[in-house]
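Engineer:
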Amino acid sequence: MWSVVGECPRSRHRVQRRAIAAVRVALLAALALVAAAAWMPAVHAVVLRLRGGTVDRAITVGRVVDTVLMDGVYITNGVAVVFDLPAMLPGALRIELRSCVCDGGAQVYVRGYSGEPASDRSLEVSVSGLSGSYCSLVFVHNLPAHTNVTVCDSTIVTPGPMRYSQLSGLTDAVASPLVLHATSLLQTQLRVSNTVLRSLHAGGSAVHVGGGVDLLSSAVVLDGVLLEALGGPTASAMCVASSSRLRLRSHSVFSVTKVSVVSSGGGIVLGERLAVFESVLRFAGVEGSAASSLVHCDGGTVDDGGWLDLHDVWAVGEASSVASLSGVTLSGGTVSIARCAATGATLVSGPTITSGVVSVQCNRAGGRVLRSSGDYRSAGLPSVSVVPCDGCAAALACFDALTASFSDCVCSCRAGGVGEACLPFDVPPARAGGGGGGARAA
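The sequence shown begins at 3 in this note's numbering and counts up by one.
1. Measuring CB to CB, does C104 end up less than 8 Å from V112?
2. Which one of L217, V420, K260 has the shortest CA to CA distance from V194?
3. Where are the beta strand (DSSP E) runs, 3 residues long or more, that stay fully inside the segment 93-149, in chain order?
4. Can you tell me whether S375 is helix, strand or coil according to DSSP?
5. For the segment 198-213 and the segment 228-237, state whether three or more C-beta atom pairs, one from each stretch, are separated by less than 8 Å.
6. Quick one: residues in its chain with C-beta nearer than 6 Å to the C-beta of F427, no 5 flanking neighbours on either side, listed in chain order?
7. I want to check one thing, is the minimum distance from the CB of A147 to the heavy atoms of the ligand COA below 7 Å?
8. Considering only C-alpha positions, which residue in the set N144, L145, L95, A239 is nearest to P179?
9. With A399 as the anchor, note down where its alpha helix (DSSP H) starts and where it stops.
10. Specify, as a first and last residue, the run of the beta strand (DSSP E) that L180 falls within.
11. Work out the CA separation of G290 and T345 for me, nearest whole Å.
12. Could you tell me which whole beta strand (DSSP E) segments of length 3 or greater appear in the segment 311-364?
13. Less than 8 Å between the C-beta atoms of L95 and L71, yes or no?
14. Can you tell me which of N79, G74, V83 puts its alpha carbon nearest to the alpha carbon of G64?
15. Let me make sure I understand the geometry here. Which of R100, S245, V412 has the alpha-carbon closest to that of G134?
16. I think A396 touches Q363, with their Cβ atoms under 8 Å apart; what is that distance to the nearest whole Å?
17. Which residue's Cα is closest to the Cα of T197: A277, V263, N79?
18. A177 by DSSP, collapsed to three states: which one?
19. For the beta strand (DSSP E) that S78 lies in, which residues bound it at each end?
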């Protein structure tokens, strides 16, 4: 008789094979339940729990399901895992991915409504500890109102082309760990924190925005994130497709805070159709290197009540500027640039001003502190309001639409304003002292 210590290797391998087979059988049974749900009358909600095991075939989770938990699941073989919101039950929906592994070109989709979302649904999505060595996380079409999405403590990488089988309009050339496509967010929050997003494919981007993305009383927050794009000169840390729009309306916030950017091409590219109306587009505590400007926008408007805030943004590439806004028209809104630094001689180029003001404070370009209007003119900004380094101003500190008053360098908020800047949403403050604090490479 074999002892435990001297167990026959062949017997041990047989036990391992049986254990793996048992896990696969259990997983296939769970997936069969998902498939069978399409034919069941929608009477009782199904809670789908997958713990461990491998998904190597495409699956769509939909009818009869209202809660999904995938814990320690291995998703591979280039498959698509689709959470089909319109097919799920009315009411409160929850999707949670915990400590999963995603590789082999697999894609995880949260697919919303091609038209108006149903009013009888809300959604919570939680992704934590995702290890994606060849993976993409995609949010497509319109999400229900009052959706909350959190992605944290994850590393998602796209080293090669992705076959986005569930999307029209995207080609294999787009290789992005995080994709927002043709989606409208209403009273929704999407927050990514302590996460590495890395694209290594030619022309890829760490974050891709396409098909038109609208924020209406919503927030998208990248906090403590490393955005890395090393796919040559056409790669970018974040890319809004040239044919797409990024539109912020009705007290929305798009905030990039404590983020590190590493790119062989462009930095944060906002496209040609940016619109900020009664909302905030904010870059705070961002540090990085890109081929030209860290933030780049070829066209768009900052309209009445809009605020484009660049605070503590450091462009460290030899020829890099903090921002290129030459295609942006300031039409009743505000641009603020404070405590930013560019290694090159240009701090920020543009914008074109029809009405509104560009306020600046304590910035550096080409190794020197910019103190006067003349200094700023030579650094790319022909018309500015200069605030001394030891001074303060409401235009640099507060979101005007939700600010009741400004006194002793403090913003007092109206109803709906939160935090030091009276923003519509609770957004992390920038780390003092300059530079980003993004998650480091895993």
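Virtual Cβ for every residue (Gly too), placed ideally from N, Cα, C.
Structural biologist: Reading from the atomic positions:
1. no
2. K260
3. 93-100, 108-113, 123-130, 137-142
4. helix
5. yes
6. A221, V255
7. The ligand COA is absent from the structure shown, which contains no ligand whatsoever.
8. A239
9. 396-399
10. 180-188
11. 11 Å
12. 323-326, 330-340, 354-363
13. no
14. V83
15. R100
16. That pair is no contact at about 12 Å.
17. V263
18. coil
19. A small fix is needed here, since residue 78 is Thr in this sequence, not Ser. It is not in any beta strand (DSSP E) - T78 carries neither H nor E in the DSSP assignment.
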